[in-house]
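Residue numbers (the working numbering), protein chains in the order written: chain A, 11 to 184; chain B, 63 to 681; chain C, 38 to 129.
Just so it is clear, CB atoms sit at the ideal spot from N, CA and C, and this is done for glycine as well.
Notes to accompany the following structure.
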Amino acid sequence: MTGKPVWIARDYSKCSGCRRCEIACSLYHEDWMWPEASRVRVFMPFPGVEVPHLCAQCDDYPCVKSCPVEALSIDQTTTAVIVNKEKCISCGKCITACPGQVPFLHPKDNKVVICDFCGGDPECVKVCVEAGYDALTLVHEEQSVNRKLFARNPIEVAKDLAVNLFGEKGEKVI
Amino acid sequence: MPRGYAGKFLEVDLTKEEARDITFSDSVLEAYFGGRGLAAKILWDRIGEKWPEVDPLGPNNIFLALTGPMTAVYPGARICCSGKSPLSNGMVGSTASTEFASELKMAGYDGVIVTGKASNPVYILVTDEGGEIRSAGHIWGKLGEDTIRILNKEVTEELTKRRPNVGLWREPGIIYIGPAGENLVRTAAVMTKICHAAGYGGYGAVMGSKNLKAIVAKGRGKIPEVDAPEAVKLLWKEVHRHLIEESDFRRMGTGYAGYMVGADTSSEPIRNWQEEWHDEKRYGGPLFETRYWVKKYWADFNCTTSCMKISCIKSGRWKGDITDMPDYELEAYCGTNLGIFDPGDNIHISAVIDNLGHSGINGPNTMGFAAELYQRGVLTKEDFGFELKWGDAEAFEKLAWLIAKRERIGDILAEGTFRAAVKISEMKGVDVMPYAVHVKGIEVGAHGTRSDADYTHDISYAASVQGGDHTSVAVDGYTEMSSAVFTDSAVICNFCFFWVPRSLVFDFAKAVTGFPITMERWRKEHGPRIVTLQRALLLMGGPDIEWRPIEDDDNPPRFYEPLPSGPHKGKTTDRELVEKKRSTYFETIGWDERGVPTKETLQKLGLADLERAVRNLRK
Amino acid sequence: MKVNVRIFGNLVAVLGGKQFVELDEGATVGTLSNRLAESAGLRRQGYLGNYRVGGDDLAILVNGRNIHLLDGVETVLKDGDEVVILPPTAGG
């Protein structure tokens, strides 16, 4: 475990939809409860099919590469993407570059928002584990090409999850 | 505006096709809080002494969907629906757990107040930009699942079009009605998230009467700011700790009660309450869980009780049905009350009921009533178009549709159990009132009073201003004022309230609003104020029925029949106790011996403007 | 003198259900609850199970009236009084 960077593992079928991750994240980063400013956002295109959507720290960082003003950089210890708000020009190129459109513009200052692991001890994981759901858990593993596979449009994830939950019916609900 | 509130309410006039922002004074908010309390105040202020003339299904009724100051910030966000009830002719604070409530607050609104009637089916969309009315012709007639699927897609696409470069838009929160509400089935619910419902009161029919298919909310703002944020952050953690460590409903929800309330407390409705005890082990919780539960912890916004579980039938003739566990009330009403003791059949009927937008309690209460009339030969195959035998899930599915579409005898049954009983008695020349299990028009929840072993007793329903509503029973005119009356007004979920020390809840309320809130004040002032206002409206009633004080402040006739079976065989509700406790109850709140609020009480509670209307109710 | 006691919810297992309790004249609600606790072998003074007698979480009614509206635990009981002990209950 020592030496390997952190990562937030996601087990979608365990997500309860409580959205405490959104509350915990925004309490930490925004000092108040603000789900639409949370770096992890739960999508629910059909009730019961909840997908926590957050950065997967792709090993080739397409978002960082796409930024025209170098507002995005990589934290060498945690592997998280770090946003320099002063440099960000809200162009949205990183959102398009991301295979899952994970980043979004902050509802107030319009600067891009991306998970930074809370510096290495993520708040979202704490509340999810505390409640016993374990949809978001902290693991220590080397970055790999697999990461990018998690940067996926949440509706596409939900379509798969729906079939897992509901069988054939799941093909029809989203 | 005090803290905890988003700052404004959306008022929509569907006749004029106008939407505008309004506010209420700080003193009104402090006195009535939100949700149920505020709804009662708004309804009285706007309708006043004309109350008896207003047809609950006409354009002069008002539909309200209100949050309270604790919604979303305290665990378990809920919306409170209200208006003049088509069932009781009073008003009920009818709540449902839903992200619609948190989205409304994030959009900057504490509630939506809808007047008039749209000329065509519409839905209301609430965003950070305000409220607007949109056409719902393409979703009118659709079942719950399809309504959600279509609106989620449509609204997300629309919002993306309006603000395209901000990243992925998430789906909105939605409250909606199904065909039952559209066709003005008096017991129809306001639905959300396929299986959550604001079920008591018949507010789905009120929405339907306004051609209002849904209200949709999506906001990107903060949860409203509070008076003492550092205190709230700490209290938030504490409340969740209690829910996670101590809540009884985490693991199994209420889904094991379908067996226990029958076998243990002998208070479960079976075949229209003809019995209340059973020992059908095939109807036990583990049999639902093992075969059908696909999600074991399902929550709504900011909730860790996560009492909900999701059931899905993956094989056999009901393949594809999705509903919640079902929760106990539907395990009873969509199950044992219809003579159904098979988990799969119960899940199927629950899913049908949910999709049609029937109330899962009130609708099947009428269905069970109809089945007893069939059993007794009062109603026949001619009335239904099919046979209606106990336990026949296919027949009860057909009946649910018959009522939702108001076809054949369904048209009369759609009037709710009480009015249907009156009509059928007339029609068939047989007195069927003894078989109607309701209190003041509102069908009784799945907890009987005859065994005295459950939490419902003598005056629980009889004295309650919300009739048969099992979530808000009368206790002693004091204790209950800080339970359901409070949670329905704060608008938070009861299952995030039980197991939390009351002092913690009320400290939370104070830290959010800055109001000098204590449990004692709720028990002595706020609660009695709200309930007294509700009582006045209930007794004013009209236009088709006025309840008779004392006579109608009573249990249904069936609850005085001795239990026919089980360990509590022979027991029944004690009439003498009902009379004694009812009279004490009235006295405690400050109503006269007929339960009419006295002039002094109205004065004391800040309701002096009711005196003229209430004077007419006194002997 | 005798009072008629009805106990509900999760206190039934601890204290028993419906029962008559013999008390001396002038006995109070406090006296009664001590007697019930004693008979059930409960040690915690002033508590029935986890609920403080006279606290907010336990509803104790004498003839239908909550003791908070009477004299609290000092409420004096008479022969034939009906006492109901109601822990907070949940319905769903």
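May I ask which residues mark the beginning and end of the alpha helix (DSSP H) holding residue i?
i	result
B:Met602	Gly589 to Met602
A:Ala168	Pro164 to Phe176
B:Asp208	Gly206 to Arg224
B:Lys661	Lys661 to Lys666
B:Asp687	No answer is possible for residue 687 of chain B: it lies beyond the span of chain B, which begins at 63 and ends at 681.
B:Arg674	Glu673 to Arg677
A:Cys35	Arg30 to Glu40
B:Ala267	Tyr265 to Ser271
B:Asp569	Arg564 to Thr575
C:Gln56	Not the alpha helix (DSSP H): C:Gln56 falls in the beta strand (DSSP E), residues Gln56 to Glu59.
B:Met429	Asn424 to Gln437
B:Glu233	Premise fails: B:Glu233 is in no alpha helix (DSSP H) and is neither H nor E.
A:Lys158	Arg157 to Phe160
C:Ala50	Val49 to Leu52
Between the C-alpha atoms of residue i and residue j, what's the straight-line distance to the nearest angstrom?
i	j	result
C:Val120	B:Ile651	19 Å
B:Gly66	B:Val676	34 Å
A:Val52	B:Glu330	38 Å
B:Glu337	B:His630	11 Å
B:Asp389	A:Ser83	49 Å
B:Lys643	B:Thr635	12 Å
B:Asp671	B:Val593	15 Å
A:Phe127	B:Val414	44 Å
B:Thr189	B:Thr663	42 Å
A:Asn94	A:Ala81	5 Å
C:Leu98	B:Ser522	14 Å
B:Arg353	B:Gly439	37 Å
B:Ile476	B:Phe446	A small correction: the amino acid at residue 476 of chain B is Ala; Ile does not occupy that position in the sequence shown. Cα to Cα, B:Ala476 sits roughly 13 Å from B:Phe446.
B:Ala466	A:Cys35	44 Å
B:Gly589	B:Val547	6 Å
A:Phe56	B:Val323	32 Å
A:Val137	B:Thr366	10 Å
C:Met38	C:Thr65	12 Å
Less than 8 Å separating the beta-carbons of residue i and residue j?
i	j	result
A:Gly110	A:Val16	no
B:Gly28	B:Thr249	Given that chain B is displayed from residue 63 to residue 681, the structure contains no residue 28 of chain B and the question cannot be resolved.
B:Ala134	B:Ser159	no
C:Leu73	C:Leu107	no
B:Arg333	B:Gly430	yes
A:Gly58	B:Asp362	no
B:His35	B:Val562	Look at the range of chain B in this structure, 63 to 681, and you will see that residue 35 of chain B is not part of it.
A:Pro262	A:Ile33	No answer is possible for residue 262 of chain A: it lies beyond the span of chain A, which begins at 11 and ends at 184.
C:Gly130	B:Tyr517	Residue 130 of chain C lies beyond the stretch modelled for chain C, which goes from 38 to 129, so this question has no answer here.
B:Arg620	B:Val499	yes
B:Ile486	B:Leu435	yes
So the beta strand (DSSP E) residue i belongs to, where does it begin and stop?
i	result
B:Asp75	Phe71 to Asp75
B:Thr254	Val252 to Thr254
B:Phe559	Segment: none, B:Phe559 is in no beta strand (DSSP E) and carries neither H nor E.
C:His134	In this structure chain C extends from 38 to 129, so residue 134 of chain C is not present and cannot be described.
C:Val120	Glu119 to Leu123
B:Ile306	First-last for B:Ile306: Pro291 to Glu308, but that is the alpha helix (DSSP H), not the beta strand (DSSP E).
Does the CB of residue i have a neighbour CB from chain F at under 8 Å?
i	result
C:Asn103	Considering every chain present, this structure includes no chain F. Its protein chains are A, B and C.
If contact is defined by three or more beta carbon pairs under 8 Å, each pair taking one atom from either stretch, is the region 266-279 of chain B in contact with the region 114-126 of chain B?
Pairwise C-beta distances place the region 114-126 of chain B in contact with the region 266-279 of chain B, as three or more of them are shorter than 8 Å.
Taking contact to mean 3 or more Cβ pairs, one atom from each stretch, closer than 8 Å, check whether the region 125-136 of chain B and the region 167-181 of chain B are in contact.
Output reads yes: the region 167-181 of chain B touches the region 125-136 of chain B.
Restricting to runs no shorter than 4 residues, where is the alpha helix (DSSP H) found entirely within the region 82-123 of chain B?
Here the runs fully enclosed are 88-94 and 97-109.
If you scan the region 594-659 of chain B from start to end, which runs of the alpha helix (DSSP H) of 4 or more residues do you find wholly inside it?
Residue ranges of uninterrupted alpha helix (DSSP H) with 4 or more members, entirely inside the region 594-659 of chain B and ordered along the chain, are 637-651.
Considering only residues of the region 63-107 of chain A, which uninterrupted beta strand (DSSP E) runs meet the minimum length of 3 residues and lie entirely inside it, listed in chain order?
Within the region 63-107 of chain A, the complete beta strand (DSSP E) runs of at least 3 residues are 82-84 and 91-93.
Which complete alpha helix (DSSP H) runs does the region 467-526 of chain B hold, if anything under 4 residues is left out?
The region 467-526 of chain B contains these whole alpha helix (DSSP H) runs: 472-475 and 479-490.
Touching or not, the region 311-322 of chain B and the region 601-612 of chain B, by the rule of three or more beta carbon pairs under 8 Å?
Output reads no: the region 601-612 of chain B does not touch the region 311-322 of chain B.
Please give the ranges of any alpha helix (DSSP H) in the region 112-155 of chain A, keeping only runs that are unbroken, at least 4 residues long and fully inside the region.
133-140, all fully within the region 112-155 of chain A.
Any contact between the region 269-284 of chain B and the region 228-246 of chain B? By contact I mean 3 or more CB pairs, one from each, below 8 Å.
Yes, they touch.
Just to confirm the assignment: which complete alpha helix (DSSP H) runs, minimum length 4, are found wholly within the region 323-376 of chain B?
Along the region 323-376 of chain B, the alpha helix (DSSP H) occurs as fully enclosed runs of 4 or more residues at 347-354, listed in sequence order.
Touching or not, the region 563-576 of chain B and the region 376-390 of chain B, by the rule of three or more beta carbon pairs under 8 Å?
Pairwise C-beta distances place the region 563-576 of chain B out of contact with the region 376-390 of chain B, as fewer than three of them are shorter than 8 Å.
Three Cβ pairs or more, each shorter than 8 Å: is that satisfied between the region 574-586 of chain B and the region 64-79 of chain B?
In short, these stretches touch, since the Cβ pair count reaches three.
Contact between the region 499-508 of chain B and the region 523-541 of chain B (3+ Cβ pairs under 8 Å):
Below 8 Å, enough C-beta pairs join the region 499-508 of chain B and the region 523-541 of chain B to call them touching: three or more.
Could you tell me whether the region 180-200 of chain B touches the region 79-89 of chain B, where touching means 3 or more Cβ pairs closer than 8 Å?
Touching, per the Cβ criterion.
Would you call the region 393-405 of chain B and the region 221-237 of chain B in contact, with 3 or more CB pairs under 8 Å?
No: the two stretches stay apart, fewer than three of their Cβ pairs being nearer than 8 Å.
Length at least 3, wholly inside the region 127-203 of chain B: the beta strand (DSSP E) runs in chain order
Complete beta strand (DSSP E) runs here, min 3: 140-144, 156-159, 173-177, 184-189 and 192-197.
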